[in-house]
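Inspection log for the structure reproduced underneath, given as structure tokens.
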Amino acid sequence: MRAKLRLWLTFCVVTPVLLLFSNTGMAEQAAATKVVKPVSKAVGATPRGQVLSLSCSSCHGTDGKSVGIMPSFYGKTPQYIETALLEFKSGKRYSTVMGRHAKGYSDDEIHLIAQYCGTVGHKTK
30 MRAKLRLWLT
40 FCVVTPVLLL
50 FSNTGMAEQA
60 AATKVVKPVS
70 KAVGATPRGQ
80 VLSLSCSSCH
90 GTDGKSVGIM
100 PSFYGKTPQY
110 IETALLEFKS
120 GKRYSTVMGR
130 HAKGYSDDEI
140 HLIAQYCGTV
150 GHKTK
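Per the working numbering, residue 30 is the first one in the sequence shown, and the count goes up by one each step.
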């Protein structure tokens, strides 16, 4: 009987505390999604840009130093990468695959990808 009472009391005390803190975390998380914050050592890198750029790694490598015939973007500036992606998207720059990839992203997403990828080869101070 005491074990059941102890379990019930623990549940009644712990559950409201957990709910209180989980709601606080959700509010903070929602507020954090509105602000773009750097998460890596790369200058200007955003979590969203980093996540969006994961698809790039299959051809260009995780650090932008591709092996083989795929061009590297390691060391390129964010502006260069953004311009190239927008040109692929519009068809101004010829490609066999990149045009299709770029068309899958909004201009804002391309900007985030370029900001992340453009900082991969640059050291921070």
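The beta-carbon is built from N, C-alpha and C at its ideal position, and this holds for glycine as well. Owing to the predicted nature of the structure, the values given are computational and were not obtained by experimental measurement.
Would you check if the distance between the CB atom of residue i and the CB atom of residue j is smaller than 8 Å?
| i | j | result |
| --- | --- | --- |
| Gly104 | Lys118 | no |
| Asp136 | Leu115 | yes |
| Ala162 | Ile110 | A query on residue 162 cannot be resolved here, the shown segment of the chain reaching from 30 to 154 and no further. |
| Gly147 | Thr106 | yes |
At the level of alpha carbons, what is the spacing between residue i and residue j?
| i | j | result |
| --- | --- | --- |
| Val80 | Met30 | 52 Å |
| Val126 | Cys85 | 12 Å |
| Pro76 | Tyr145 | 9 Å |
| Leu83 | Lys33 | 50 Å |
| Gln108 | Ser87 | 22 Å |
For residue i, which three-state DSSP category applies?
| i | result |
| --- | --- |
| Lys33 | helix |
| Gly78 | helix |
| Gly128 | helix |
| Ser87 | helix |
| Asp136 | helix |
| Lys121 | coil |
| Ile110 | helix |
| Tyr103 | coil |
| Ile98 | coil |
Leaving out five residues on either side along the sequence, give the residues of the same chain with a beta carbon under 7 Å from the beta carbon of residue i.
| i | result |
| --- | --- |
| Ser124 | Phe117 |
| His89 | Ser95, Met99, Ser101, Phe102 |
| Arg122 | Ala113, Glu116 |
Give me, in chain order, the residues of the same chain whose beta-carbon lies closer than 8 Å to that of residue i; leave out the 5 immediate sequence neighbours on both sides.
| i | result |
| --- | --- |
| Asp92 | Tyr103, Val149, Gly150 |
| Ile139 | Glu111, Leu114, Leu115, Lys118, Ala131 |
| Lys154 | Summary for Lys154: the model assigns pLDDT 48, below 50, so the residue's position carries little reliability, and this model does not support an answer. |
| Gly120 | Gly128 |
Using the beta-carbon count (16 or more within 10 Å), is residue i buried or exposed?
| i | result |
| --- | --- |
| Leu141 | buried |
Between residue i and the rest of its own chain, which residues show a CB-CB distance below 6 Å, the 5 nearest in sequence each way excluded?
| i | result |
| --- | --- |
| Tyr134 | none |
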